[in-house]
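*Asks:* Once you've had a glance at the structure underneath, I'll fire off some questions.
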Amino acid sequence: MTAPTSPTSPTTTAPATAAAALALGDDALVLSHHLGEWAGHAPVLEEEVALANIALDLLGQARILLSLVGDEDELAYLREERAFRNLQLVEQPNGDFAHTIARQLYFSTYQAFLYEELARTDGPFTALAAKAVKEVAYHRDHAEQWTLRLGDGTEESHHRMQRAVDQLWRFTGEMFQPVDGAHDIDWPSLQESWHSSVTEVIRGATLTLPEGPRADAWAAGAGRQGLHTESFGRMLAEMQHLHRSHPGATW
Amino acid sequence: MVTTPLESALEDRLRELAGSVPDPELPMITLAELGVVRGVRMLAPHSVEVDLTPTYTGCPAVEAMSADIEKVLHDHGMADVTVRRVLTPPWSTDDITAEGRRKLAESGIAPPRAGAAYGPVPLTLSVRCPHCGSTDTELLSRFSSTACKALRRCVTCREPFDHFKEL
């Protein structure tokens, strides 16, 4: 990857800013990779294109964020699993289409509110957030429309969508753990906005809001501390294989 | 450096040249018409810096745009060309010029609606079919052949078409 020169040089990034850039950048990178896995497998051609486009937006965000930390290629391809700081939610496998949509619903709603806040405050992420928030509005709309369509669709699609929102629910509590370096974010209020938006979509889709604690001891969520779930290692192996096997390879 | 009238005229010329580069994915419009060339500055004789803003954060065309700008300015005697990526203020479809919109429509791509770029994703009302002019069109997908377009179909003439979606 060779990007045009970025005005921000990695050497000038404060450690706290770099920590936040790594967390948010890894979220975008990992989700982008999973969405890319749908290419050639999506249920309809329009969805191939939609998921690939969303993946591309996320990859663009990841590149800018990781460039604040260091060399984007080294960070993406040469880090070990424990050095990644993404949420466990985004590393969950694609599953069936309903799972991918539930993951998109939970994450794009989170990203929309988070970037909206970051764009409002004057900090190292203002410029990126102001740009990305407009792209994320389309991702969120895409996820909401599909949640409604599948939830309020056939018996089979309803059942699968319900199963997906239930299974991924326990990974959502982690999103509201404060991210080091992203100050000025009112996390409890972010969680409240997220919860009421997601509740409205899920109810509108004739689905039942999952129950149970999301951030209690049994609930998942230590991705920000570098602890990841089983499938993440396999995803990384695939993502990093080419770069590690052929150092310096270019197209 | 202190700018003399001659240098300022050269800078204008370079700005015009950088802006005249066709968009790699929508070659019917130029980068100036797309509104992505933010500034062109002479740093020293034969050294120039260009500010380029991406339409979408992940737009892969940015690299082709940078290369094309570098080439056209090199050909105009600039030994040293730097293309910087700038994000602020974020690009919006409102930055596309009237001429750019006209050319998009002429090429079968429905131009973005003006002023619709901010706030929630706009409603799907009245995007005009670039083929027959009907306003009776429907959304097929919010994502299409490139990041910046949505796919629609005209109910009247049944032709599918791309719509440069508001951002």
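So the protein lines, in turn, are chains B and L.
Using this note's numbering, you'd call the opening residue of the first sequence number 457 and step up by one each time.
Using this note's numbering, you'd call the opening residue of the second sequence number 22 and step up by one each time.
Think of the CB as a built atom: it goes at the ideal place given N, C-alpha and C, for glycine as much as any other residue.
The structure displayed is predicted, hence computed values, not measured ones.
(1) Could you confirm whether any beta carbon from chain B is found closer than 7 Å to the beta carbon of G121 (chain L)?
(2) Relative to the C-alpha of Y594 (chain B), which candidate in L:P45, L:E46, L:R163, L:V42 has its C-alpha closest?
(3) Would T458 (chain B) be called buried (16 or more neighbouring beta carbons within 10 Å of its own) or exposed?
(4) Report the rounded CA-to-CA distance for R100 (chain L) versus P471 (chain B), giving the unit in angstroms.
(5) Using only CA atoms, which one of L:V107, L:D157, L:Y77, L:S87 lies nearest to S113 (chain L)?
(6) Residues in its own chain within less than 7 Å of L38 (chain L) by CB, not counting five upstream and five downstream?
(7) Give a yes or no on whether the minimum CB-CB distance between D483 (chain B) and chain L is below 7 Å.
(8) Any C-beta of chain L sitting closer than 7 Å to the C-beta of L480 (chain B)?
(9) Could you name the residues of the segment 155-171 of chain L whose beta carbon sits closer than 7 Å to any beta carbon of chain B, in the order they occur along the chain?
(10) Classify E70 (chain L) as helix, strand or coil using the three-state DSSP reduction.
(11) Does the Cβ of T109 (chain L) have 16 or more other Cβ atoms within 10 Å, making it buried, or fewer, making it exposed?
(12) Between which residues of its own chain and Q633 (chain B) is the CB-CB distance below 8 Å, once the five residues before and five after are set aside?
(13) Where does R680 (chain B) sit, in a helix, a strand or coil, going by DSSP?
(14) Counting contacts by CB-CB distance shorter than 7 Å, is L108 (chain L) in contact with chain B?
(15) Beta carbon of E180 (chain L), beta carbon of R134 (chain L): below 7 Å?
(16) Quick check on the DSSP output: what are the complete alpha helix (DSSP H) runs of length 4 or more inside the segment 72-159 of chain L, in order along the chain?
(17) For chain B, check one thing: does any of its Cβ atoms lie closer than 7 Å to the Cβ of L188 (chain L)?
(18) Answer with yes or no whether the minimum CB distance from T78 (chain L) to chain B is below 7 Å.
(19) Check whether chain L comes within 7 Å of L512 (chain B), counting only Cβ atoms and requiring the distance to be less than that.
(20) Answer yes or no: do R34 (chain L) and V61 (chain L) have a C-beta to C-beta separation smaller than 7 Å?
(21) Can you give me the Cβ contacts of T177 (chain L) inside the same chain, cut-off strictly under 7 Å, excluding the 5 residues immediately before and after it?
(22) State the Cα-Cα distance for the pair H614 (chain B) and A532 (chain B), rounded to the nearest angstrom.
(23) Output the boundary residues of the alpha helix (DSSP H) element that contains F185 (chain L).
(24) What does the alpha-carbon distance come out to for the pair S462 (chain B) and T468 (chain B)?
(25) Pick from L:D115, L:P81, L:C169, L:V148: whose alpha carbon is nearest that of R106 (chain L)?
(26) With a threshold of 6 Å on Cβ separation, who are the neighbours of H489 (chain B) within its own chain once the five nearest residues in sequence on each side are excluded?
(27) Counting only Cβ pairs nearer than 7 Å, list the residues of chain L close to V505 (chain B).
(28) For L192 (chain L), does the count of other Cβ atoms within 10 angstroms reach 16, so buried, or fall short, so exposed?
(29) Beta carbons nearer than 9 Å to chain B: which residues of the segment 23-44 of chain L have them?
(30) Q517 (chain B) touches chain L at which residues, Cβ-Cβ below 9 Å?
(31) Could you tell me the alpha carbon to alpha carbon distance between K170 (chain L) and Y566 (chain B), rounded to whole angstroms?
(32) Measuring CB atoms only, is the segment 490-500 of chain B touching the segment 543-559 of chain B, in the sense that at least three cross pairs come out at less than 8 Å?
(33) Could you compute how far the alpha carbon of E612 (chain B) sits from the alpha carbon of D115 (chain L)?
(34) Note down, in chain order, every chain L residue with its Cβ under 7 Å from the Cβ of H598 (chain B).
(35) Under a CB-based cut-off of 7 Å, is T145 (chain L) close to chain B?
(36) Comparing the C-beta of P48 (chain L) with each C-beta of chain A, is any distance below 7 Å?
*Replies:* Looking at the coordinates:
(1) By this cut-off, G121 (chain L) is not an interface position.
(2) Per the Cα distances, L:R163.
(3) Only weak support is given to the placement of T458 (chain B): the predicted model assigns it a pLDDT of 44, under 50, and the value that follows is read from those uncertain coordinates. Answer is exposed; the Cβ neighbour count stays below 16.
(4) Inspection of the sequence shows that residue 100 (chain L) is occupied by Ala rather than by Arg. Distance between A100 (chain L) and P471 (chain B), taken at the CA atoms: about 37 Å.
(5) Checking every option, the nearest Cα to that of S113 (chain L) belongs to L:Y77.
(6) The residues are V93, L94, H97.
(7) So, not an interface residue.
(8) At a cut-off of 7 Å between C-beta atoms, L480 (chain B) does not count as an interface residue with respect to chain L.
(9) So the list reads L161, S162, R163, F164, S165, A168, given in the order they occur along the chain.
(10) The answer is strand: DSSP assigns E70 (chain L) an E or B state.
(11) Around the beta carbon of T109 (chain L), a 10 Å sphere encloses fewer than 16 other beta carbons of the protein chains shown; the residue is thus reported as exposed.
(12) Counting only Cβ-Cβ distances below 8 Å, and skipping sequence neighbours, we find W643, A671, G677, R680.
(13) When secondary structure is reduced to three states using DSSP, R680 (chain B) falls in the helix class.
(14) Proximity of L108 (chain L) to chain B, defined by a Cβ-Cβ separation below 7 Å, is satisfied.
(15) No, the Cβ-Cβ distance between E180 (chain L) and R134 (chain L) is not below 7 Å.
(16) Counting only runs of at least 4 residues, the segment 72-159 of chain L fully encloses the following alpha helix (DSSP H) elements, listed from N- to C-terminal order: 82-96, 119-127.
(17) Chain B, which has a Cβ nearer than 7 Å to the Cβ of L188 (chain L), makes this yes.
(18) Yes, because at least one Cβ of chain B sits closer than 7 Å to the Cβ of T78 (chain L).
(19) At least one C-beta of chain L is nearer than 7 Å to the C-beta of L512 (chain B).
(20) In this structure, R34 (chain L) sits away from V61 (chain L), with a CB-CB distance that is not shorter than 7 Å.
(21) The residues are C150, C153, S155, D157.
(22) Their Cα atoms are separated by approximately 37 Å.
(23) Premise fails: F185 (chain L) lies in the beta strand (DSSP E), 181-185, not in any alpha helix (DSSP H).
(24) Residue placement at S462 (chain B) is flagged as unreliable, the pLDDT there being 47, under the threshold of 50; the coordinate-derived value follows with that caveat. Using only the alpha carbons, I get a separation of about 12 Å.
(25) Nearest in C-alpha terms to R106 (chain L), of all of L:D115, L:P81, L:C169, L:V148, is L:P81.
(26) Within the same chain, M695 come within 6 Å of H489 (chain B) by CB-CB distance, once the 5 residues on both sides are set aside.
(27) Those within 7 Å of V505 (chain B) in chain L are S162, F164, S165.
(28) The structure shown does not extend to residue 192 (chain L), since chain L is modelled only from 22 through 188, so no value can be given for it.
(29) Listed in sequence order: no entries.
(30) Ordered by position in chain L, the residues that pass the 9 Å Cβ test against Q517 (chain B) are T78, G79.
(31) If you take the alpha carbons of K170 (chain L) and Y566 (chain B), they lie about 24 Å apart.
(32) When C-beta atoms of the segment 490-500 of chain B are compared with those of the segment 543-559 of chain B, three or more pairs fall below 8 Å, so the two segments count as touching.
(33) The alpha-carbon of E612 (chain B) is positioned some 43 Å away from that of D115 (chain L).
(34) Per Cβ cutoff of 7 Å: R163.
(35) At T145 (chain L), the pLDDT of 48 sits below 50, so the modelled position is not reliable; the number obtained from the coordinates is stated separately. Taking 7 Å as the CB threshold, T145 (chain L) stays off the interface with chain B.
(36) Of the chains in the structure shown, none is chain A; the protein chains are B and L.
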